[in-house]
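Chemist:
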Amino acid sequence: MQRFQIGLKYRDLGLPKYMQVKYSLKSAIDKGMFGLGDKLPSIQQMAGEFKVSYITMRQAIHALEEDGHVKSIHGHGTFVADSLPESAQTGIKKVKVVIPGRHSSLPLSELYKSGSNHTTEILHCIGDRMCGSGIEVTLESSVDISDVLDDETDGYCLISIRRSFLPKLTELAHSGCRFVVINSSWPGQKDFVCVDSNNYE
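Just so you know, numbering that gives the first Met the number 0 puts 76 at position 77 of the sequence shown, and the rest follows in order with no gaps.
(1) Looking at Y17 and T55, is the spacing between their C-beta atoms short of 8 Å?
(2) With G36 and V69 assumed to form a contact (beta carbons below 8 Å), what rounded beta-carbon distance in angstroms separates them?
(3) What would DSSP say about E151, mapped onto helix, strand or coil?
(4) Answer with buried or exposed for K30, where buried requires no fewer than 16 other C-beta atoms within 10 angstroms of its C-beta.
(5) Which residues in the same chain as E151 place their Cβ atom closer than 8 Å to its Cβ, once the five residues preceding and following it in sequence are excluded?
(6) Nearest by alpha-carbon distance to V97: which of Q4, L14, V179 and F3 is it?
(7) My understanding is that R57 touches I42, with C-beta atoms under 8 Å, so please give their C-beta distance in whole angstroms.
(8) Looking at C-alpha atoms only, which residue of Q44, K50, K25 and L171 is the closest neighbour of E201?
(9) Could you please give the first and the last residue of the uninterrupted alpha helix (DSSP H) stretch that includes K16?
(10) Using the three-state DSSP reduction, which class does G34 fall into: helix, strand or coil?
(11) Residue range of the alpha helix (DSSP H) that F78 falls in?
(12) Have a look at D153 and C176 and give me their C-alpha separation to the nearest angstrom.
(13) For Q19, does the count of other Cβ atoms within 10 angstroms reach 16, so buried, or fall short, so exposed?
(14) Drop a sphere of 10 angstroms on the beta-carbon of S145, count the other beta-carbons inside from all chains shown, and report buried for 16 or more, exposed for fewer.
(15) Smallest Cα separation from I28: which of F3, P15 and I158?
(16) Given that a residue counts as buried once 16 or more other Cβ atoms are within 10 Å of its Cβ, and exposed if not, what is Y53?
(17) According to DSSP, what are the bridge partners of K93?
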């Protein structure tokens, strides 16, 4: 019986394959599939269930080990750590990554492929950081930012925002909405802009 599979949300974020495996395995551990100190199946067996190469599976295990979620003992296998690290508590549980405008007609799983190399790198970094903190991340595209706003989302990461959206950003900042704007260029400002709702004017 197959116990492991890569979560769709990690595929949609466009994370490298080993990161998709890493967070899918971490999710399985967090949901109680294995208890503290339990031995995991062999790397070869897990690679077969995740349908990835042995090398990719080793990369995922190594990344989990660096984060303190598992420990490998030479000659004995890989085990869930005796105590798991606590993620930083920010009060943010759900975040939407939004790419407005020209990306609106593409399926979510293809969005990250359509951007520049720089935008793709940003998406990978966002996915890595947030998924590692246990934050639910969804990737969306919309011509109008208002279309993706909802009461259940705690924060927004807005990429490549057009100048025409500035009045809406001001409104959002005044309403208390939490957001970060990155990889945006507006006339009279630097090519790369990174601002958040706490210092947005």
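Glycine included, each C-beta is placed from N, C-alpha and C at the ideal position.
Please read all numbers here as calculations on a predicted model, not as lab measurements.
Modeler: On the basis of the data shown:
(1) Position 56 of the sequence shown, counted from the first residue, corresponds to residue 55. Position 18 of the sequence shown, counted from the first residue, corresponds to residue 17. Closer than 8 Å, so yes.
(2) Position 37 of the sequence shown, counted from the start, is the residue given in the question as residue 36. Position 70 of the sequence shown, counted from the start, is the residue given in the question as residue 69. Contact check for G36 and V69: beta-carbon distance about 11 Å, past the 8 Å limit, so the pair fails to qualify.
(3) If you number the sequence shown from 1, residue 151 lands on position 152. Coil, per DSSP.
(4) Translated into the one-based positions of the sequence shown, residue 30 becomes position 31. By the 10 Å Cβ count, K30 comes out exposed.
(5) The residue labelled residue 151 in the question sits at position 152 within the sequence shown. Within the same chain, E151 has close Cβ partners K93.
(6) Position 98 of the sequence shown holds residue 97. Looking at the Cα atoms, V179 is the closest of the given residues.
(7) Against the sequence shown, residue 57 aligns to sequence position 58. Against the sequence shown, residue 42 aligns to sequence position 43. Between I42 and R57 the Cβ distance is about 6 Å, and since that is below 8 Å, they are a contact.
(8) Here the chain has residues from 0 to 200 only, and residue 201 is not among them.
(9) Here residue 16 corresponds to residue number 17 of the sequence shown, with the count starting at 1. Here the alpha helix (DSSP H) through K16 covers K16 to D29.
(10) Your numbering for residue 34 matches position 35 in the sequence shown. Reduced to three states, the DSSP call for G34 is coil.
(11) Within the sequence shown, the letter at position 79 stands for residue 78. Run containing F78: none in the alpha helix (DSSP H); it sits in the beta strand (DSSP E), G76 to V79.
(12) Here residue 153 is taken as the residue at index 154 of the sequence shown, counted from 1. Here residue 176 is taken as the residue at index 177 of the sequence shown, counted from 1. Distance between the alpha carbons of D153 and C176: 8 Å.
(13) For the purposes of this step, residue 19 is identified with residue 20 of the sequence shown, where counting begins at 1. That one is buried.
(14) Working through the sequence shown from its first residue, we reach residue 145 at position 146. Exposed, by the Cβ-count rule.
(15) Here residue 28 corresponds to residue number 29 of the sequence shown, with the count starting at 1. Closest by alpha carbon: F3.
(16) The residue you call residue 53 lines up with position 54 of the sequence shown. Its Cβ having fewer than 16 others within 10 Å, Y53 is exposed.
(17) As a first step, residue 93 must be located in the sequence shown, where it is residue number 94. DSSP lists E135 as partners of K93.
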